[in-house]
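Chemist:
Structure follows, in C-alpha cells:
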C-alpha cells in the first residue's frame, strides 16, 4: 500500500475548506435587489375536480406583485411521460398538486397571499394503493390511461419459466417500502431572472443543469442559447435533483417574466 499515492490514504476533498468555512455559495444564498419571493398553493385533496380559482383577494394584498394559475402555464413536462403540469386547472390527482403561485415582496406576504386564494373543488373518489388502483372499477385518476397504469414495459432475457423449474428453491413475496424524501440539507430552490433583451438566467440547485436548460427551452419555445442555467454548490441531491423538474421552477420563470423582477422559490 505504501507504493500507492491515493489508494488507502486520506485525501482531502477539493471543496472541503470552502464548505466548512462557510465560503461556499449555494443557490439558497442567491439574492438580487428588488427580488420577489414565490409561493405555491397546493391542493389539500387527493383527487378532485377544480371548478374555479379565485385569486382576486390575493391580487389586492399589499406587496403582491403577481398571481398565476394553470392558464399561465399551458404546457406539460415529465421524465418519461410528459403528462405533468406546473399548475393544475381542471383536476388535481394527489395531495400537494399545485394550483396557483404568487410573487410578493417578502416570504410572509407571499404565504399570506396563497392563503387568500379560494379554490372551489369537487372531491372525487381516490385510491391510495397501486394494486387497488389497478382493480376493475377503481376510480379513474388519469383519463385515457387503461387501469391507471402509466406504462407496461416488457423485458425478456432467456427462459424464465425454465429457470424457475430448474431452481432448487423459489421464494415469492410482496415487498413494500414506505414513502420517503431525500431530505437534502439544501432544499429545492431556484431563482429566475430575465434581462431586457429577453434572455433568461436561472439559478437552481441541480445535479444536471444542462438538462434544466433543455427543458426550459422546450416549454418557453426559445433557443437554448438564450437560456443560462447556473448551479452553485449543491447542498445534497442524492438523485432527487437530476432528471426531474419541479413546479417551483416553472412558476419562478413565469412570475419573473410577468413582473420583470427576479423571483425566488425555496
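Residue numbers (my numbering): 1 to 266. For each residue, glycine too, the CB sits at the ideal point set by N, CA and C. A quick note: this is a predicted structure, and the numbers were derived from the prediction, not measured.
1) Can you name the start and end residues of the beta strand (DSSP E) that residue 122 belongs to?
2) Assuming the contact rule is C-beta atoms closer than 8 Å, residue 182 and residue 235 should be a hit. Round their C-beta distance to whole Å, please.
3) Could you give the first and the last residue of the continuous alpha helix (DSSP H) run that contains residue 241?
4) Just to confirm, is the Cβ distance from residue 262 to residue 32 under 8 Å?
5) Can you have a look at residue 96 and say buried or exposed, based on whether 16 or more other CB atoms are within 10 angstroms of its CB?
6) Any idea what DSSP makes of residue 248, helix, strand or coil?
7) Rounded to the nearest angstrom, what separates residue 100 and residue 83 at their Cα positions?
8) If we ignore side chains and look at the alpha-carbon of each, how far apart do residue 175 and residue 207 end up?
9) Nearest-angstrom Cα distance between residue 39 and residue 110?
10) Assuming contact is defined by CB atoms lying nearer than 8 Å, are residue 258 and residue 191 in contact in what I supplied?
11) With burial defined as no fewer than 16 other Cβ atoms inside 10 Å of the residue's Cβ, what is the status of residue 125: buried or exposed?
12) Could you tell me which uninterrupted beta strand (DSSP E) segments, each at least 3 residues in length, are contained entirely in the segment 70-155, listed from first to last along the chain?
13) Where does the unbroken beta strand (DSSP E) through residue 213 begin, and where does it stop?
14) Pick out whichever of 254, 138, 211 has its Cα sitting closest to the Cα of residue 244.
15) Could you pull the start and end residues of the alpha helix (DSSP H) that residue 265 belongs to?
16) Hey, quick one: how far does the alpha helix (DSSP H) through residue 39 stretch, first residue to last?
17) Leaving out five residues before and five after residue 103 in sequence, what residues of the same chain have Cβ atoms less than 6 Å from its Cβ?
18) Between 98, 209, 222, 233, which lies nearest to residue 242 when the distance is taken from Cα to Cα?
19) Report yes or no: do the segment 194-202 and the segment 213-230 share at least 3 C-beta pairs separated by less than 8 Å?
20) Go ahead and pull the three-state DSSP assignment for residue 201.
21) Measuring alpha carbon to alpha carbon, tell me which residue in 52, 248, 12, 128 is nearest residue 179.
22) Residues in its own chain within less than 8 Å of residue 220 by CB, not counting five upstream and five downstream?
23) Look up residue 20 in the DSSP assignment and say whether it is helix, strand or coil.
24) From residue 53 to residue 123, what distance separates their C-alpha atoms?
25) Considering residue 160, what are the terminal residues of the alpha helix (DSSP H) in which it resides?
26) Taking C-beta to C-beta, are residue 70 and residue 88 nearer than 8 Å?
27) If we ignore side chains and look at the alpha-carbon of each, how far apart do residue 80 and residue 148 end up?
Modeler: Checking against the coordinates, here is how it stands:
1) 118-123
2) Contact annotation, residue 182 with residue 235: C-beta distance approximately 11 Å; criterion of less than 8 Å not satisfied.
3) Neither: residue 241 is in no alpha helix (DSSP H) and is coded neither H nor E.
4) yes
5) By the Cβ neighbour-count rule, residue 96 is exposed, with fewer than 16 other Cβ atoms within 10 Å of its own.
6) helix
7) 18 Å
8) 30 Å
9) 6 Å
10) The answer is no: Cβ separation not under 8 Å.
11) exposed
12) 98-104, 118-123
13) That residue, residue 213, is in no beta strand (DSSP E); its alpha helix (DSSP H) goes 209-220.
14) 211
15) Not the alpha helix (DSSP H): residue 265 falls in the beta strand (DSSP E), residues 263-265.
16) Careful: residue 39 lies outside any alpha helix (DSSP H), inside the beta strand (DSSP E) at 36-42.
17) 36, 38, 65, 66, 255, 259, 263
18) Ranked by how close their Cα comes to the Cα of residue 242, the residues 98, 209, 222, 233 have 209 in first place.
19) yes
20) Here residue 201 carries a strand assignment [DSSP, helix/strand/coil].
21) 128
22) 200, 227, 253
23) helix
24) 15 Å
25) Residues 160-166.
26) Against a cut-off of 8 Å, the Cβ pair of residue 88 and residue 70 comes out as a contact.
27) 16 Å
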